[in-house]
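Everything on this sheet refers to the single structure shown next.
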Amino acid sequence: MATLEINNLHARVAEEGGERILRGVDLTVNSGEIHALMGPNGSGKSTTAKVIAGHPAYEVTEGEILLHLDDEDVADVDVDLDDEDYHWELLELEPNERAALGIFLGFQYPAEIEGVTMTNFLRQALNAKADEREELFEDEDEDEESAEADADDEGYDTSPMEGPADDGEIGVAEFQEILSEKMELLDMDEKFMQRYLNAGFSGGEKKQNEVLQAAMLEPAVAVLDEIDSGLDIDRLQDVSKGINALRDEQGTGILQITHYQRILDYVEPDHVHVMLDGEVAKSGGAELAEQLEDEGYDWVREEAFADA
Amino acid sequence: MSSQDHLKDTNTEERFEFKKEEKSAFKSEKGLTEETVRVISEDKDEPEWMLERRLRALKQFQEMPMPTDWPGQPDLSEVDIDEIVPYIRPDIEARGGADSWEDLPEEIQDTFDKLGIPEAEKNALSGVGAQYESEIVYQNMQERWEEKGVIFCDMDKAVQEHEEIVKEHFMTKCVPPSDNKFAALHGAIWSGGSFVYVPENTTVDMPVQAYFRMNSEGMGQFEHTLIIAEEGSEVHYIEGCSAPKYSAFNLHSGGVEVFVGEDAHVQYSTVQNWSKNTYNLNTKRAIAEKGGRMEWISGSMGSKATMLYPSTILKGRGASDNHITIAMAGEGQDIDTGAKVYHNAPDTKSTVESKSIAKDGGRTNYRGLVHIADGAENSSTAVECDALMFDNESTSDTMPYMEINESKVDVAHEATVGKIGDEDIFYLQSRGLDDDDAKQMIVSGFIEPITEELPIEYAVELNRLVELEMEGSLG
Ligand SMILES: Nc1ncnc2c1ncn2[C@@H]1O[C@H](COP(=O)(O)OP(=O)(O)OP(=O)(O)O)[C@@H](O)[C@H]1O
Ligand SMILES: [Mg+2]
Numbered sequence: 000m001a002t003l004e005i006n007n008l009h010a011r012v013a014e015e016g017g018e019r020i021l022r023g024v025d026l027t028v029n030s031g032e033i034h035a036l037m038g039p040n041g042s043g044k045s046t047t048a049k050v051i052a053g054h055p056a057y058e059v060t061e062g063e064i065l066l067h068l069d070d071e072d073v074a075d076v077d078v079d080l081d082d083e084d085y086h087w088e089l090l091e092l093e094p095n096e097r098a099a100l101g102i103f104l105g106f107q108y109p110a111e112i113e114g115v116t117m118t119n120f121l122r123q124a125l126n127a128k129a130d131e132r133e134e135l136f137e138d139e140d141e142d143e144e145s146a147e148a149d150a151d152d153e154g155y156d157t158s159p160m161e162g163p164a165d166d167g168e169i170g171v172a173e174f175q176e177i178l179s180e181k182m183e184l185l186d187m188d189e190k191f192m193q194r195y196l197n198a199g200f201s202g203g204e205k206k207q208n209e210v211l212q213a214a215m216l217e218p219a220v221a222v223l224d225e226i227d228s229g230l231d232i233d234r235l236q237d238v239s240k241g242i243n244a245l246r247d248e249q250g251t252g253i254l255q256i257t258h259y260q261r262i263l264d265y266v267e268p269d270h271v272h273v274m275l276d277g278e279v280a281k282s283g284g285a286e287l288a289e290q291l292e293d294e295g296y297d298w299v300r301e302e303a304f305a306d307a
Numbered sequence: 000m001s002s003q004d005h006l007k008d009t010n011t012e013e014r015f016e017f018k019k020e021e022k023s024a025f026k027s028e029k030g031l032t033e034e035t036v037r038v039i040s041e042d043k044d045e046p047e048w049m050l051e052r053r054l055r056a057l058k059q060f061q062e063m064p065m066p067t068d069w070p071g072q073p074d075l076s077e078v079d080i081d082e083i084v085p086y087i088r089p090d091i092e093a094r095g096g097a098d099s100w101e102d103l104p105e106e107i108q109d110t111f112d113k114l115g116i117p118e119a120e121k122n123a124l125s126g127v128g129a130q131y132e133s134e135i136v137y138q139n140m141q142e143r144w145e146e147k148g149v150i151f152c153d154m155d156k157a158v159q160e161h162e163e164i165v166k167e168h169f170m171t172k173c174v175p176p177s178d179n180k181f182a183a184l185h186g187a188i189w190s191g192g193s194f195v196y197v198p199e200n201t202t203v204d205m206p207v208q209a210y211f212r213m214n215s216e217g218m219g220q221f222e223h224t225l226i227i228a229e230e231g232s233e234v235h236y237i238e239g240c241s242a243p244k245y246s247a248f249n250l251h252s253g254g255v256e257v258f259v260g261e262d263a264h265v266q267y268s269t270v271q272n273w274s275k276n277t278y279n280l281n282t283k284r285a286i287a288e289k290g291g292r293m294e295w296i297s298g299s300m301g302s303k304a305t306m307l308y309p310s311t312i313l314k315g316r317g318a319s320d321n322h323i324t325i326a327m328a329g330e331g332q333d334i335d336t337g338a339k340v341y342h343n344a345p346d347t348k349s350t351v352e353s354k355s356i357a358k359d360g361g362r363t364n365y366r367g368l369v370h371i372a373d374g375a376e377n378s379s380t381a382v383e384c385d386a387l388m389f390d391n392e393s394t395s396d397t398m399p400y401m402e403i404n405e406s407k408v409d410v411a412h413e414a415t416v417g418k419i420g421d422e423d424i425f426y427l428q429s430r431g432l433d434d435d436d437a438k439q440m441i442v443s444g445f446i447e448p449i450t451e452e453l454p455i456e457y458a459v460e461l462n463r464l465v466e467l468e469m470e471g472s473l474g
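Line by line, the protein sequences are chains A and B. Each residue of the first sequence is one higher than the one before, counting from 0 in numbering that gives the first Met the number 0. Each residue of the second sequence is one higher than the one before, counting from 0 in numbering that gives the first Met the number 0.
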């Protein structure tokens with residue numbers, strides 16, 4: 000079981016006199032759990048998500064983000080976790096290393112990458128993740144037990160013309176099979192695979208694509224930032240199905256950022272958190288989201304103010 | 000094993016960066032005088048007319064000023080011809096190039112081995128020429144082409160053995176020495192290069208390739224390429240260039256002349272990876288007759304400064320031209336390149352697609368000219384240039400000039416300049432790609448619309464060079 004643990008996280012915009020945005024965020028997401036993170040515009044939800052993933056625009060001034068893993072989470076790599084509390088300090092890692100360990104960020108505004116087909120991108124991402132995992136855990140192994148032979152030389156194994164080399168972790172056929180299955184689940188048309196990554200995708204298609212990528216990358220914890228915004232009713236259901244499958248089939252822990260109760264009817268949260276001014280001001284169960292839907296955030300603010 | 004596989008297997012970096020001890024049979028003095036020109040011509044045992052042409056070109060070179068007045072042109076102040084060794088004949092026995100790699104001195108053999116040329120020859124080429132310093136050292140073509148009357152030989156040899164046809168075409172109607180100062184310089188001290196002749200209605204179905212290698216410090220390479228494609232014929236010529244890096248500057252000033260006969264089709268591809276101390280100042284031009292089709296594909300990755308604007312004169316009705324250029328400039332590089340097209344007849348067509356990438360303070364410039372003459376009715380041209388910059392230190396300009404003297408024409412032009420997006424990079428990183436791979440993916444996506452159209456051997460090589468250039472400076 001994996002756990003993402005955020006303790007007293009403070010972050011500001013990484014420039015001279017940059018604004019302080021996060022002021023002590025505490026959050027813990029275990030695999031298999033669904034958390035909803037709500038809160039008014041500008042309260043720091045997306046910033047929290049991006050800091051978890053390692054966005055360079057923010058500087059963390061205090062606090063820590065830990066990812067606890069157990070043997071089950073590292074079954075694919077040759078490593079033995081005899082340590083009870085085996086964890087990574089995410090703040091010390093590059094974004095791609097965090098991704099390799101199992102952090103996934105579904106963007107509020109996904110980037111459009113021209114000229115790179117979905118197929119090429121996904122295969123390269125999968126292979127990169129697998130390679131990086133090997134490397135991360137190999138270093139770890141060396142630290143602990145010392146002296147295991149170095150990984151095979153780094154060199155050209157991919158050409159942008161051809162996509163990833165065939166000696167990657169995932170063969171073409173296997174890749175296609177997994178992909179078709181996930182696309183079917185999300186009710187996505189196969190023709191998307193030959194299109195350029197998000198280029199010209201409609202708002203809803205982009206969101207669907209974020210969930211597809213999560214499904215392919217099988218993260219330990221997925222942070223989904225307003226995945227429900229801009230989705231029509233049918234697509235909302237498809238996407239919800241995708242998210243539930245992530246949790247049910249892969250045991251992914253979900254941190255779902257949203258403004259609306261609507262998606263929570265389909266993806267039922269175990270925990271609901273309210274963010275105010277860069278802090279988690281209140282946490283509760285599914286009923287908290289319903290109350291927010293009816294009453295707005297003022298009462299939470301008042302309550303928090305009274306506590307302070 | 001296919002040709003691509005072998006290209007993948009060789010280590011590109013090693014292939015270009017190694018140096019060889021300089022061993023030569025004959026080396027001219029530094030600098031340029033009438034005496035130098037006479038010595039070169041004599042060493043080559045040339046006919047009198049060629050010597051006269053060289054001397055006339057020398058005079059033109061001496062009279063013309065250095066080009067300094069182009070807006071935003073690369074700085075050429077370091078280019079002092081008197082510091083250049085214009086002619087080095089490597090120590091080989093057979094003039095005109097050996098036809099077996101084994102006959103070459105070991106260090107030359109080794110050079111081309113590392114560049115992967117003999118391997119490529121076996122797999123995917125109709126013929127290969129290889130120039131080391133000032134001379135072609137290897138030249139070979141499959142017999143079946145020879146039987147059909149195709150000629151692919153060393154330019155020096157062509158002067159001797161195909162004298163009439165060379166005399167008629169060599170720097171007369173296509174690129175006269177008076178064209179520009181470096182064309183004049185080229186006319187005076189040219190050496191080596193290829194001569195390609197394709198008879199009527201003959202299609203050479205695999206490319207012929209010439210590889211130019213400068214090995215000595217402070218030398219100049221001035222090879223001349225003359226391609227004559229007769230009516231209804233077809234040929235693809237690939238040119239590759241590289242040199243190891245030295246502290247002194249090198250000068251490359253090649254001349255290329257292409258005659259595209261009626262309904263003939265010539266494709267001319269270049270991958271230029273000169274070392275970053277080389278000034279690459281070339282003149283390349285094609286003349287296309289009625290219904291002829293010329294295609295220029297240029298990848299410019301190397302050199303300190305490049306000024307290269309392959310041009311096509313669409314002389315006959317219905318002739319067409321297609322330019323694809325990819326330029327990449329890193330630290331200290333100024334790649335000024337583009338295309339020129341002259342529509343001199345009705346129903347002519349041209350397309351220009353240019354993609355440039357500037358990073359680490361490098362500069363790229365697209366400089367182009369489309370001229371449509373009065374009377375060239377129903378002609379059309381489409382120019383598209385896109386520039387991608389990695390950082391705020393790098394610069395990218397576009398200077399697409401148009402001279403349209405005919406009203407019944409179709410002209411389209413598009414230009415974009417953009418910076419590589421931090422959010423794009425982060426998006427890819429968050430999916431597991433490291434910083435370098437993320438940038439590389441964005442760049443390969445950027446040039447994708449072009450690489451899609453390239454011949455596969457060329458595209459693979461080009462992409463590897465792009466990767467290599469990106470690796471060099473990132474992280
Ligand atoms: N890179 C940045 N530079 C300057 N200000 C920033 C930056 N990133 C975030 N902010 C500011 O920090 C605050 C929190 O932004 P954030 O995007 O985290 O809010 P959010 O809770 O996701 O809001 P929404 O519900 O509108 O998406 C906002 O006031 C925003 O303007
Ligand atoms: Mg947000």
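Note that beta-carbon positions come from the ideal geometry of N, C-alpha and C, so glycine has one too.
- Below the 7 Å Cβ cutoff, chain B contributes no neighbours of PRO218(A), its closest Cβ being approximately 10 Å away.
- Following the DSSP letters along the chain, one finds PRO117(B) inside the alpha helix (DSSP H) bounded by residues 116–123.
- The closest CA to that of MET293(B), considering only THR171(B), ALA304(B) and HIS264(B), is found on HIS264(B).
- Beta-bridge analysis with DSSP links VAL351(B) to HIS322(B) and VAL382(B).
- Close partners of ASP423(B) in chain A (Cβ separation under 7 Å): ALA110 and ILE112.
- Nearest CB-CB separation between MET327(B) and chain A: not below the 8 Å threshold.
- At a cut-off of 7 Å, the beta-carbon of LYS281(A) does not count as near ligand 1: no heavy atom of the ligand is closer than that.
- GLY241(A) is the residue among ASP224(A), GLY241(A), ALA198(A) and PRO218(A) whose C-alpha sits nearest the C-alpha of MET187(A).
- Taking 8 Å as the upper bound for CB-CB distance, GLN141(B) and GLY191(B) are not in contact here, some 22 Å apart.
- With its beta carbon at least 8 Å from every one in chain B, ALA48(A) lies outside the interface.
- Look at TRP189(B) here: in three-state DSSP terms it is coil, with no helix or strand label.
- Look at the segment 429–455 of chain B: the residues with a C-beta under 7 Å from a C-beta of chain A are SER429, ARG430, GLY431, LEU432, ASP433, ASP436, GLN439, MET440, ILE441, SER443, GLY444, PHE445, GLU447, PRO448 and THR450.
- No Cβ-Cβ contact shorter than 8 Å links ILE296(B) with GLN271(B).
- The C-beta distance from LEU92(A) to GLY62(A) rounds to 15 Å, too long to meet the 8 Å contact threshold.
- At a cut-off of 8 Å, the C-beta of ALA127(A) has a neighbouring C-beta in chain B.
- Interface annotation, LEU8(A): not in contact with chain B, CB-CB separation never under 8 Å.
- Taking every residue with its beta carbon within less than 7 Å of a heavy atom belonging to ligand 2 gives, in chain order, LYS44(A), SER45(A), GLN107(A), ASP224(A), GLU225(A) and ILE256(A).
- Annotation for GLU15(A) indicates a beta carbon at 7 Å or more from all heavy atoms of ligand 1.
- One thing to note: HIS251(B) has its Cβ within 8 Å of the Cβ of CYS240(B).
- Within the segment 204–252 of chain A, the runs of beta strand (DSSP E) that reach at least 3 residues and sit entirely inside it are, in chain order, 220–224.
- Unbroken beta strand (DSSP E) stretches of 3 residues or longer found wholly inside the segment 72–147 of chain A: 86–88 and 102–105, given in chain order.
- Ranked by Cα distance from ILE83(B), the options ALA242(B), LEU313(B), GLY217(B) and ASP396(B) are led by GLY217(B).
- By the Cβ rule, the segment 400–419 of chain B counts as touching the segment 377–388 of chain B, because three or more pairs are nearer than 8 Å.
- The closest CA to that of GLY417(B), considering only THR363(B), GLY431(B), ALA123(B) and ASN249(B), is found on THR363(B).
- Its Cα nearest to that of MET469(B), the residue ILE356(B) stands out among VAL203(B), GLU160(B), MET401(B) and ILE356(B).
- Distance from the C-beta of ILE20(A) to the nearest heavy atom of ligand 1 is below 7 Å.
- One alpha carbon belongs to VAL299(A), the other to ASP434(B), and they sit about 41 Å apart.
- For VAL28(A), the shortest C-beta to heavy atom distance toward ligand 1 is 7 Å or greater.
- Nearest in C-alpha terms to GLU4(A), of all of GLY283(A), HIS86(A) and GLU14(A), is HIS86(A).
- At a cut-off of 8 Å between C-beta atoms, TYR426(B) counts as an interface residue with respect to chain A.
- Assignment of THR47(A) by DSSP, reduced to helix, strand and coil, places it in the helix class.
- With distances taken between CA atoms, LYS180(B) lies nearest to ASN281(B) out of GLU230(B), ASN281(B), MET205(B) and ASN214(B).
- According to DSSP, MET37(A) shares a beta bridge with VAL273(A).
- For the 8 Å CB-CB criterion, LEU307(B) and VAL340(B) do not form a contact.
- Note that the C-beta distance between ALA344(B) and HIS322(B) is not below 8 Å.
- Residue side-chain check: GLY38(A) places its Cβ nearer than 7 Å to a non-hydrogen atom of ligand 1.
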